[in-house]
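Before any comments, here is the structure.
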Amino acid sequence: MQDLLEQIKQELDKVKTLPESVLLWQKYLGKTGVIKKMIKDLGSLPAEEKRARGPEIQELAREAQSLFDGRQDELKSLNLQTASLAQAESLSLSPAKVGHLHPITETIRHINNLFIRLGYSIMEEREIETDEFCFQRLNVPADHPAREMQDTIYLNAPNILLRTQTSSIEARVLQNFAPPFKIVCPGRAYRNEKVSKSNHFIFHQYQGVVVLEKVSLQDLFGTFTALFRELYGPDVIIRFRNKYYPEVEPGVGPDMQCFNCRGKGCPLCKGVGWIEMGGAGMIHPNVLSIAGIDPEKWMGFAFGLGLDRWTMAKYKITDIRTLLGGNLAYKYYEHESTL
Ligand SMILES: [Zn+2]
Numbered sequence: 337m338q339d340l341l342e343q344i345k346q347e348l349d350k351v352k353t354l355p356e357s358v359l360l361w362q363k364y365l366g367k368t369g370v371i372k373k374m375i376k377d378l379g380s381l382p383a384e385e386k387r388a389r390g391p392e393i394q395e396l397a398r399e400a401q402s403l404f405d406g407r408q409d410e411l412k413s414l415n416l417q418t419a420s421l422a423q424a425e426s427l428s429l430s431p432a433k434v435g436h437l438h439p440i441t442e443t444i445r446h447i448n449n450l451f452i453r454l455g456y457s458i459m460e461e462r463e464i465e466t467d468e469f470c471f472q473r474l475n476v477p478a479d480h481p482a483r484e485m486q487d488t489i490y491l492n493a494p495n496i497l498l499r500t501q502t503s504s505i506e507a508r509v510l511q512n513f514a515p516p517f518k519i520v521c522p523g524r525a526y527r528n529e530k531v532s533k534s535n536h537f538i539f540h541q542y543q544g545v546v547v548l549e550k551v552s553l554q555d556l557f558g559t560f561t562a563l564f565r566e567l568y569g570p571d572v573i574i575r576f577r578n579k580y581y582p583e584v585e586p587g588v589g590p591d592m593q594c595f596n597c598r599g600k601g602c603p604l605c606k607g608v609g610w611i612e613m614g615g616a617g618m619i620h621p622n623v624l625s626i627a628g629i630d631p632e633k634w635m636g637f638a639f640g641l642g643l644d645r646w647t648m649a650k651y652k653i654t655d656i657r658t659l660l661g662g663n664l665a666y667k668y669y670e671h672e673s674t675l
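Counting with the working numbering, you get residues 337 to 675 for the letters of the sequence shown.
Printed below as a string of structure tokens:
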């Protein structure tokens with residue numbers, strides 16, 4: 337009888353589900369089961385033997401039943417665990433949204449990485465500037481349109497203002513550092529402009545200033561080409577145009593073929609098929625002189641990139657307001673981390 341109990345125990349251990357355990361129960365304790373048959377067979381035994389065997393078989397039946405009860409309880413709790421595990425797995429299929437860096441921040445870091453590789457130092461500069469560093473030191477004459485009240489946001493006219501361009505950084509760098517140096521600096525600039533799809537009164541620029549003993553426009557073009565390819569891939573189409581900026585001579589403007597219409601012309605590029613990506617040029621000798629740097633010995637180039645446009649082109653954002661807006665639904669863009 338102990339052998340029989342042992343056998344049931346072993347078979348029950350192999351049982352993995354409740355229906356299987358019911359089948360096994362029928363084999364031993366069901367109407368035609370092994371133990372039920374032993375009880376029935378008692379009837380055909382002589383009275384004395386019946387008295388001796390009867391209680392033993394009843395005890396066997398009880399013990400067998402309690403083995404089944406125990407195993408079935410285990411299986412029920414295992415089933416519950418499996419069910420909750422399955423539920424947990426199905427929940428994990430929809431991962432929580434954890435957010436990501438602002439696209440401008442990602443673009444800044446991406447560009448920083450390139451300039452670090454090119455041997456530049458990265459710095460920060462003040463957003464509140466003086467007229468001297470925002471204009472005078474950059475060769476901006478008193479009657480230049482950029483100085484008019486409708487463009488500049490003054491905190492305390494006529495001297496304290498929010499920088500209208502990151503060229504003020506160029507003036508600060510030339511004043512504070514002795515050449516040779518290669519410096520880049522991302523930051524915000526402010527102009528009293530009407531907000532539209534392509535203009536905002538707050539915008540982001542990326543300023544670069546290089547002063548070496550020998551450097552040429554060719555180095556500037558090479559730097560820009562490396563930068564455009566880094567951000568937009570080797571097939572990017574760019575062009576350089578002659579531009580006038582008072583702090584440089586000659587001045588150039590890099591344009592990128594419009595990512596929205598591929599050069600055909602659309603509202604984003606105002607129908608011309610190209611988007612201005614910034615301004616640059618060889619630093620004007622006057623600007624070097626004002627900062628006490630000898631223009632006979634040193635030369636340099638400077639550039640300012642419109643970071644909003646660089647970011648919009650990278651993430652195919654067609655409205656500049658998206659970058660500073662609070663509407664999350666409006667902020668959707670195909671996100672591709674660059675970090
Ligand atoms: Zn276009």
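Backbone N, C-alpha and C fix where the C-beta goes; we use that ideal spot for every residue, glycine too. Because the structure is a prediction, the values reported are computed rather than measured.
* Near residue 541, which residues of its chain fall below 7 Å by C-beta distance, leaving aside the five closest residues on each side in sequence? -> Contacts found: 501, 502, 523, 525, 640, 641, 642 and 643.
* Residue range of the beta strand (DSSP E) that residue 591 falls in? -> Residues 584-593.
* **Start-to-end residues for the alpha helix (DSSP H) that takes in residue 558** => Segment 553-568, the alpha helix (DSSP H) holding residue 558.
* To do: Would you kindly work out how many angstroms separate the C-alpha atoms of residue 387 and residue 378, rounded to a whole number?
  => Distance between the alpha carbons of residue 387 and residue 378: 9 Å.
* Based on the DSSP output, what are the partners of residue 540 in its beta bridges? -> For residue 540, DSSP records a beta bridge to 524.
* To do: Closer than 8 Å by C-beta to residue 554: which residues in its own chain qualify, once you throw out the five before and the five after it? Chain order, please.
  => Nothing meets the Cβ criterion.
* Distance, Cα to Cα, residue 321 vs residue 549? -> No statement about residue 321 is possible, as the shown extent of the chain runs from 337 to 675 and does not include it.
* Tell me which same chain residues have a C-beta within less than 6 Å of the C-beta of residue 507, skipping the five on either side of it? -> Taken in chain order, the residues that qualify are 469, 473 and 474.
* **Local conformation of residue 641 per DSSP, three classes** => Note: residue 641 maps to strand in three-state DSSP.
* To do: Whole angstroms is fine: what's the gap from residue 582's alpha carbon to residue 638's?
  => In a straight line, the C-alpha of residue 582 is about 12 Å away from that of residue 638.
* Consult DSSP for residue 617 and reduce its assignment to one of helix, strand or coil. => Residue 617 carries a strand assignment under DSSP once its states are collapsed to helix, strand and coil.
* For residue 490, does the count of other Cβ atoms within 10 angstroms reach 16, so buried, or fall short, so exposed? -> Using a 10 angstroms sphere on the CB of residue 490, the tally of other CB atoms stays under 16, which defines it as exposed.
* Answer yes or no: the CB of residue 574 versus the heavy atoms of ligand 1, is any distance below 8 Å? => No, the beta carbon of residue 574 sits no closer than 8 Å to any heavy atom of ligand 1.
* **Buried or exposed by the 16-neighbour rule on C-beta atoms within 10 Å, applied to residue 662** => Residue 662 should be labelled exposed.
* Rounded to whole angstroms, what's the CA-CA distance from residue 624 to residue 435? Just pull it up for me. => Going by the C-alpha atoms only, they are around 45 Å apart.
* Hey, out of 509, 356 and 520, whose CA is closest to residue 457's CA? -> For the residues 509, 356 and 520, the minimum Cα distance to residue 457 belongs to 520.
* For the stretch 526-539 against the stretch 583-600, are there 3 or more C-beta pairs whose distance is under 8 Å? -> Segments in contact, no.
* **For residue 666, the three-state DSSP class (helix, strand or coil)** => Confidence at residue 666 is low in this model, with a pLDDT of 46, below 50, so its placement is unreliable and the value that follows should be read with caution. Residue state, collapsed to three classes: helix.
* **Endpoints, alpha helix (DSSP H) assigned at residue 466** => No alpha helix (DSSP H) holds residue 466; the beta strand (DSSP E) holding it covers 464-466.
* Use the C-beta contact count for residue 462: other C-beta atoms within 10 angstroms, 16 or more gives buried, fewer gives exposed. => Exposure of residue 462 is indicated by the presence of fewer than 16 other C-beta atoms within 10 angstroms of its C-beta.
* Going by DSSP, which residues form a beta bridge with residue 457? -> BP columns for residue 457 point to 519.
* Hey, is residue 600 close to ligand 1, as in C-beta under 8 Å from one of its heavy atoms? -> Because some heavy atom of ligand 1 lies under 8 Å away, the Cβ of residue 600 counts as near it: yes.
* Helix, strand or coil for residue 495 per DSSP? -> Assigned with DSSP and collapsed to three states, residue 495 falls in coil, not helix or strand.
* Asked: Do you know whose CA, among 441, 412 and 372, lies nearest residue 648's CA?
  -> Of the candidates 441, 412 and 372, the one whose C-alpha sits nearest the C-alpha of residue 648 is 441.
* Could you check what DSSP says for residue 673 in three-state terms: helix, strand or coil? => Summary for residue 673: the model assigns pLDDT 42, below 50, so the residue's position carries little reliability, and this model does not support an answer.
* Asked: Where does residue 473 sit, in a helix, a strand or coil, going by DSSP?
  -> In the three-state DSSP reduction, residue 473 falls in the helix class (H, G or I).
* For residue 577, write down the residues that DSSP places opposite it in a beta bridge. => Paired residues: 589.
* Rounded to whole angstroms, how far is the Cβ of residue 636 from the Cβ of residue 572, which I believe are closer than 8 Å? -> In fact, because the Cβ distance is near 26 Å, the residues do not count as touching under 8 Å.
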